[in-house]
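Note that our numbering gives residue 122 to position 70 of the sequence shown, counting from 1, and the numbers run on in steps of one.
One structure is given below, encoded as structure tokens.
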Amino acid sequence: MVRAIGMLNLVILLSIRKISSQMNMINLQSFSSIVFDLDGVIYRGDTIRKGASELLALLDARGIKYHFLTNTSSQPRKDIILKLLNLGVKINRDHDLVSTCSEIAAHYLLEQFGQHSTVLTIGGGLGVADELKRVGIKQIALESCSLDEVTSVYKSRNDLLLLLGWTKEFSYETATTVLQLSRNIAQVFATDNDRYFSSDTGNLPGTAWLNGSIGSLLDVEIISLGKPNPASLSLALRKMHSTPSSTLLIGDSLISDIQVGKALGCNTVLVLGGASTLSDIQVMNSKMKPDYIINELSDLVEILLIT
Ligand SMILES: [Mg+2]
53 MVRAIGMLNL VILLSIRKIS SQMNMINLQS FSSIVFDLDG VIYRGDTIRK
103 GASELLALLD ARGIKYHFLT NTSSQPRKDI ILKLLNLGVK INRDHDLVST
153 CSEIAAHYLL EQFGQHSTVL TIGGGLGVAD ELKRVGIKQI ALESCSLDEV
203 TSVYKSRNDL LLLLGWTKEF SYETATTVLQ LSRNIAQVFA TDNDRYFSSD
253 TGNLPGTAWL NGSIGSLLDV EIISLGKPNP ASLSLALRKM HSTPSSTLLI
303 GDSLISDIQV GKALGCNTVL VLGGASTLSD IQVMNSKMKP DYIINELSDL
353 VEILLIT
């Protein structure tokens, strides 16, 4: 039995690599809270990743808090919780277990511009609509308005805000509306600037393709509010009543997840098989190098079971 556990330890040590020094095992029990990315970590498209359910159940049993922080803009938080439940993850239905980039954007716009601001949107679907409504900000979804409707109502304003979120529907007509409103738009924001996200059928374009189009069209700098903007992880930590030093961040993207975790001082774990690969790490600067790398969340389950 002792020999069997010894072999198990060896396998885990080999599968978990610590960057910049010798191989080392993550002591999960030393963290009081864990922030997980969702896409590519807990699930890939509509398929749950190996060990995800087991790990969350074990964290519950050990009293380690966890939270989900996602750059998914188009799904309301309650739908994300429903998706997790449908995938067999045993969690409570509290939508505050999840923070989305749409929620972060809505909070930011409320704090900076107040409830009386008017936000034009492209993309972001029900996720953006739900969060703007929650904070009481008026939304005008440009995809569903004609050029005449929008320009006639807002032609005398020069304080409109434009918020971009993930969409597959951006059209030439909407681009025309944005261009003709360019003098009325004071600032442009995006829920996130992810180039792509992982799915069952490989990587798919994220919000960056829309940001790039609008940025070029208006010749403006777009402020992205989701990961790796530190405001995103700060919100999650506030919800958890946790500090960066006591928190482990687990993600699949070096640019979004690992960068924001390191910026705030969290320990970070990269899960392979998602947005970033081992070869990506070689070309990243130290701000995006994870503290640990694992193949699957089941690696962490094995560690918890023997500690
Ligand atoms: Mg991800």
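Ideal Cβ positions, reconstructed from N, Cα and C, are used throughout, including at glycine.
In this text the structure is predicted, and so the values were computed from the model without any measurement.
Cα-Cα separation between residue i and residue j, rounded to whole angstroms
i, j, result
"V93", "T173", "29 Å"
"E195", "A242", "16 Å"
"L322", "S204", "49 Å"
"L316", "A288", "12 Å"
"I355", "I78", "8 Å"
"I370", "D304", "This structure does not reach residue 370, given that the chain is present from 53 up to 359, and the question cannot be answered."
"D266", "Q239", "Note on identity: in this sequence residue 266 is Ile, with Asp being the wrong assignment. So the alpha carbons of these two residues sit roughly 12 Å apart."
"I116", "G177", "33 Å"
"P128", "N245", "19 Å"
"G325", "T170", "40 Å"
"L277", "A157", "6 Å"
"C318", "Q311", "10 Å"
"K279", "L357", "31 Å"
"H293", "D343", "23 Å"
"Q164", "L213", "11 Å"
"E201", "L136", "40 Å"
"I307", "R186", "29 Å"
"H147", "S268", "36 Å"
"D309", "L301", "8 Å"
"M340", "L111", "26 Å"
"K291", "G103", "25 Å"
Contact set for residue i: own chain, Cβ-Cβ below 6 Å, skip 5 residues either direction
i, result
"I132", "V150"
"S72", "Unreliable positioning characterises S72 in this predicted model, as indicated by a pLDDT of 41, which lies under 50. A coordinate reading is not provided."
"G258", "D246, R247, Y248, F249"
"L270", "S234"
Spatial neighbours of residue i in its chain, beta-carbon cut-off 7 Å, leaving aside the 5 residues before and after
i, result
"T99", "D252"
"L262", "I174, G175, L216, T219, F222"
"I189", "A158, L161, L162, Q167, S169, V171"
Delimiting residues of the beta strand (DSSP E) encompassing residue i
i, result
"L300", "299-303"
"L257", "One point to set straight first is that residue 257 is Pro, not Leu, in the sequence displayed. Looking at the DSSP string, the run of the beta strand (DSSP E) that includes P257 is 254-257."
"I307", "Run containing I307: none; DSSP gives neither H nor E here."
"V335", "Per DSSP, V335 belongs to no beta strand (DSSP E); it is in the alpha helix (DSSP H), 330-335."
"S151", "150-152"
"V323", "319-323"
"I345", "344-346"
For residue i, the first and last residue of its enclosing alpha helix (DSSP H)
i, result
"I358", "350-358"
"V272", "Careful: V272 lies outside any alpha helix (DSSP H) and carries neither H nor E."
"L316", "311-316"
"L287", "282-292"
Outcome for residue i when other beta-carbon atoms lying within 10 angstroms are tallied against a minimum of 16
i, result
"I346", "buried"
"Y95", "buried"
"P282", "exposed"
"R209", "exposed"
"H119", "buried"
"T363", "The structure shown does not extend to residue 363, since the chain is modelled only from 53 through 359, so no value can be given for it."
"G140", "exposed"
"S35", "The chain is shown only over 53 to 359; residue 35 falls outside these bounds and no answer can be derived."
"E183", "buried"
"N123", "buried"
"L330", "exposed"
"K314", "buried"
"Y160", "buried"
"L233", "buried"
"S198", "exposed"
"T229", "buried"
"Q74", "Residue placement at Q74 is flagged as unreliable, the pLDDT there being 34, under the threshold of 50; a coordinate-derived value is accordingly withheld."
Residues of its chain near residue i, where Cβ-Cβ distance is below 8 Å and the 5 sequence neighbours each way are ignored
i, result
"R235", "N210"
"L107", "L349, S350, L352, V353, L356"
**OP:** Let me know the beta strand (DSSP E) ranges lying completely inside the stretch 79-130, each 3 residues or longer, listed in chain order.
**Re:** 85-88, 117-122
Original post:
Going along the chain, which unbroken runs of the beta strand (DSSP E) with 3 or more residues stay wholly within the stretch 161-249?
Top reply: 170-174, 190-193, 212-216, 237-242
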